[in-house]
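Input: a single structure, listed below in structure tokens.
There are 2 protein chains.
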Amino acid sequence: MTHYDLIVIGTGSGNTIVDERFASWRVAIVERGLYGGTCLNRGCIPSKMLVLPADAAQRAARAGHLDVHSSFDGVDWPALRDRVFGRTDHVAGQGHDYRHGQDGVDALDGTARFVGPRTLRVAPTDGGEEVEISADHVVIATGSRPVLPDVPGLAEAEPYTSDDVMRIDALPRRLGIVGGGYVGCELAHVFASFGVEVVQVESADSLLDNQDEDVARVFTDLASQRWDVRLEARLTKVVRDEGPDGEIHLHLEGSDPVTVDALLVAAGRRPNSDLLDLDGTGIEVDDQGLVVVDEHQRTTAEGVWALGDASSRQPLKHVANQDARVVQHNLLHPHDLMTSDHRFVPAAVFSSPQVGTVGLTEEQAREQGLDLAVVRHQYASTAYGWALNDDDAGFLCKLLADRSTGLLVGAHLVGPQAASLVQPLIQAMSFGQPVKGLARGQYWIHPAPTEVVENALIALEGEL
Amino acid sequence: MTHYDLIVIGTGSGNTIVDERFASWRVAIVERGLYGGTCLNRGCIPSKMLVLPADAAQRAARAGHLDVHSSFDGVDWPALRDRVFGRTDHVAGQGHDYRHGQDGVDALDGTARFVGPRTLRVAPTDGGEEVEISADHVVIATGSRPVLPDVPGLAEAEPYTSDDVMRIDALPRRLGIVGGGYVGCELAHVFASFGVEVVQVESADSLLDNQDEDVARVFTDLASQRWDVRLEARLTKVVRDEGPDGEIHLHLEGSDPVTVDALLVAAGRRPNSDLLDLDGTGIEVDDQGLVVVDEHQRTTAEGVWALGDASSRQPLKHVANQDARVVQHNLLHPHDLMTSDHRFVPAAVFSSPQVGTVGLTEEQAREQGLDLAVVRHQYASTAYGWALNDDDAGFLCKLLADRSTGLLVGAHLVGPQAASLVQPLIQAMSFGQPVKGLARGQYWIHPAPTEVVENALIALEGEL
């Protein structure tokens, strides 16, 4: 058994830990799939590389309200898919080759499970002989994976998940999507923009049900104009006809049945901790399967750390990257530990419309009993909104402040550039900048999209 | 002669001063044109309402690099023009009617000139009898207008300026644009996107010559791929053929001659102070015709104030609005004067590519002898840049910091969403937030366009 200074399991954000400062460490890195993890290979990056062409397709198909005649004449799906995954696979391969050629690092392609304290058995992906390794420090950076809900016939229908739907050979004529969260809503936009007939099934009464309700309402209204959205609809049974081109029939409680040619399940993800044989290791997991960590990303077992989707309630790449920096620092500076900052974690939905959000929803803030000031400011009331000429869309910036502190507690945008426009609000929240003076203490370019934030802040200041 | 508490000359930003807090004041407002000034009627707003359709046209015409087949099939120019000016004219009309119906306010449609201290003679626009009015306070909010350079034949050719080119009846086949500043570059994008053959003539060696040179270079390279850009070319003579459809011939020093069907001159603007008969009033103007004001927007004459393009070296709407708020406050609080903040004034060029900028250019910073840290970060190196698949474009975020203070002194972006992406940097500069910790002290959504700013800040911190 080889003993290391450090073992990192997983090469998503975990792979960023081992840099030149670890040159004197003996390191093993274990990866059971492609280097780069979910974000690079199955998540944020390929999906956004599909969303931009989808945005272009949607805009070309609908510019009449701007008095422009244009048309969308189809997507070259194989070329697009190959461009996207040609790029990400290349980067993943570079990551693999770099680690495999690196002095002082043993890169193991295989699946690790714990067999003792900081001791792992790795089953090689190529079927070779298992090896046991141990280390002073182990970092669990094993991420998460999509789950299939327990619905009769669903697994047998072999539906796609976000893991593979982006790599399909050809666009289906009709695509069913189970799930109204951000993954389902981004991919619904992608496929609908490319001309696929999309039916999206969600058990809640809106899409993006975990967003602020104003954002969810605007989003759901606009999505429903573009594809078939079935709300308060529960999938009860799936039947797939025989044969490679067999139709898939979705039986729904609360809605009429649906027949599609392909099915995507985007009904949530779960941490991969169950694959690690954590029982008896002293590494606690919670009831969702998340590895329990403290503010320094330490698990409940000595010398074992965790980060990202393996341990975070916010399974987002920018959180995983932050966690990885904290683990990295703390490995290098055991007597000067850094603390994770999960106070103001933003998120975006790169669909159409786009959503950008940070902090508490109104519902969450009211549950906390805050003395709340709330404003909703329409894009349509700004000069940029006039230019959009899309007044009925309802694009808005909603801000929440705590009157007792004068600070922002939540910011939610739905509309063009929402993921960018939320940044000054993230900045204000993160650095404790009070609402009072925030709008007037800086210039906002006229007539840029940022004016919706400026005007919302001015209105909010008037409510404090 | 009627005596007022306050006379405001000009209804651009000047019109925002008189709100309900002036209910007890006797006020006169003088306007020689449309209510709302340049921004609403001839500037920012209509131009941006044309830029968005132009963006849509350009994107539809060029989406092949995204593997999307789409086409631009023409603009309905009369419908677009009527939609834009239908909206702005309506708002201008509302402004006019509101003031004309308001108790305590005399709205005079005419041209004002000084005939004594705080005493004006107003020549009514309808040719009626001139009236004299005086006031305790006079606000000069008279804005600026385009200038024609002194070139033989130019005035006789009756070229368009930004005042009227957006209202033309039909798109010309070929449009000459004299001037490579932001007005010329925005309107070149508009007309080129709509299929007009544009030739842009600039005497400097780049377009946007007053921008940071990296921004100017990237912009000029990309513009030159879309329309005919003539650099280091000086207009020496203009000849217009006889008749309503007479061709216009531009003779150029440093470039071949050009023949066009219509001509736009966008070669700068001048303050309207020369129309006010300021001689002998004690109201000083500088050698550019700008009314000289102190930090409270007071002119050199007792009780006379000025704001916006009439007095600012930065003729931008967001500056004029700020100036107006300062004048408003100071009129209401004569013993608690507010100070104008012109430290960090951003600006954008809503062309394609877009430019967003604040603070010093590298050249300006070097002239000041600053101990400068400079980074240039490419959009192409971010995940969003991968999605754009436009690596050759050269889109970038350039940041400048003063090593002696650790503060940003300039930020310049050229590329998608530049006018929005610059906002967190404006915020940091305005509130004195140090570069150190700025990127890591807040989350940046992955993979949003904002990551180019995050990564540039991280690189900059490494240079301090």
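Taken in order, these protein sequences are the chains called Z and G. Just so we're aligned: 175 in this note's numbering is position 186 of the first sequence, and the numbers increase by one with no gaps anywhere. Just so we're aligned: 170 in this note's numbering is position 181 of the second sequence, and the numbers increase by one with no gaps anywhere. Quick reminder that beta carbons are idealized off the backbone N, C-alpha and C, glycines included.
Measuring only between beta-carbons, confirm whether residue i sits less than 8 Å from chain G.
i, result
"Z/P141", "no"
"Z/T289", "no"
"Z/C174", "no"
"Z/I34", "yes"
"Z/K226", "no"
"Z/G25", "no"
"Z/A299", "no"
"Z/R48", "yes"
"Z/P335", "yes"
"Z/H285", "no"
"Z/P42", "yes"
"Z/L307", "Before going on, a small fix: residue 307 of chain Z reads as His here, not Leu. Closer than 8 Å: yes."
"Z/Y368", "no"
"Z/S341", "no"
"Z/L220", "no"
"Z/E241", "A small fix is needed here, since residue 241 of chain Z is Leu in this sequence, not Glu. Not closer than 8 Å to any Cβ of chain G, the Cβ of Z/L241 fails to qualify, so no."
"Z/A45", "yes"
Please return the same chain residues whose Cβ sits closer than 6 Å to the Cβ of residue i, not counting the five positions on each side in sequence.
i, result
"Z/R107", "S123, A124, V127 and G292"
"Z/D95", "A17"
"Z/A428", "E443, L446 and I447"
"Z/Q406", "P438"
"G/D(-6)", "W14, R15 and D125"
"G/S36", "E175"
"G/H(-8)", "S123"
Under 8 Å by Cβ, that's how I've got residue i and residue j pegged, so tell me the actual separation to the nearest angstrom.
i, j, result
"G/I415", "Z/Q416", "G/I415 to Z/Q416, Cβ: 11 Å. No contact."
"Z/A458", "G/A52", "What the structure shows of chain Z is the stretch from -10 to 453, and residue 458 of chain Z is not part of that stretch, so it cannot be assessed."
"Z/G1", "Z/A309", "6 Å"
"Z/V19", "Z/A81", "With 8 Å as the limit, Z/V19 and Z/A81 do not qualify as a contact, their Cβ atoms being about 15 Å apart."
"Z/V190", "Z/V227", "About 11 Å separates the two Cβ atoms, so there is no contact after all."
"Z/G99", "Z/A112", "5 Å"
"G/P342", "G/V207", "7 Å"
"G/S151", "G/L176", "7 Å"
Cβ of residue i less than 8 Å from any chain Z Cβ?
i, result
"G/M38", "yes"
"G/Q214", "no"
"G/F180", "no"
"G/S415", "A quick correction: the sequence has Ile, not Ser, at residue 415 of chain G. So yes, G/I415 belongs to the interface."
"G/G345", "yes"
"G/T394", "no"
"G/F420", "yes"
"G/Y373", "yes"
"G/A130", "no"
"G/T350", "no"
"G/A112", "no"
"G/T439", "yes"
"G/A52", "yes"
At a threshold of 7 Å, does residue i count as lining the ligand MN (C-beta to nearest heavy atom)?
i, result
"Z/V228", "As presented, the structure is devoid of all ligands, the ligand MN included, so that no description of it is given."
Grab me the residues of residue i's own chain with a C-beta within less than 7 Å of its C-beta, minus the 5 sequence neighbours each way, in chain order.
i, result
"G/V316", "I6, V128, Q286, W294 and L296"
"G/R314", "none"
"Z/E284", "T328 and S329"
"G/H366", "L385, C386, V441, N444, A445 and A448"
"G/R215", "A181"
"G/R10", "L321"
"Z/L29", "T77, V80 and A81"
"G/V338", "Y171, C174, E175, L197 and V344"
Quick one: residues in its chain with C-beta nearer than 8 Å to the C-beta of residue i, no 5 flanking neighbours on either side, listed in chain order?
i, result
"G/P67", "D158 and A159"
"Z/T225", "V140, P141, H240, L241 and E242"
Between the stretch 426 to 437 of chain Z and chain G, which residues of the former have a C-beta closer than 7 Å to a C-beta of the latter?
Sequence-ordered contacts of the stretch 426 to 437 of chain Z with chain G read G430, Q431, Y432, W433, I434, H435, P436 and A437 [C-beta pairs closer than 7 Å].
Give me the subset of the stretch 55 to 85 of chain Z whose CB atoms are less than 7 Å from a CB atom of chain B, sorted by chain position.
Of the protein chains in the structure, Z and G, none is chain B.
In chain order, each alpha helix (DSSP H) run of at least 4 residues that lies wholly inside the stretch 234 to 264 of chain G:
As far as the stretch 234 to 264 of chain G is concerned, it has no whole alpha helix (DSSP H) run of at least 4 residues.
Which ranges would you report for the beta strand (DSSP E) in the stretch 75 to 106 of chain G if only whole runs of at least 3 residues count?
Whole beta strand (DSSP E) segments, 3+ residues: 94 to 105.
Enumerate, from N- to C-terminal direction, the unbroken alpha helix (DSSP H) stretches of 4 or more residues contained entirely within the stretch 291 to 338 of chain Z.
306 to 321
In the stretch 148 to 188 of chain Z, which residue ranges form an unbroken beta strand (DSSP E) of at least 3 residues, counting only runs that do not cross its ends?
163 to 167
If we require 4 or more residues per run, which alpha helix (DSSP H) segments fall completely within the stretch 346 to 381 of chain Z?
351 to 356 and 372 to 377
3-residue-minimum beta strand (DSSP E) runs that sit fully inside the stretch 193 to 235 of chain Z, ordered along the chain
217 to 219 and 223 to 229
Could you name each continuous alpha helix (DSSP H) segment of 4 residues or more that falls completely within the stretch -2 to 43 of chain Z, going from the start of the chain to the end?
26 to 31
Report the residues of the stretch 386 to 412 of chain G with a CB closer than 8 Å to any CB of chain Z, ordered along the chain.
Q406, A408, S409, L410, V411 and Q412
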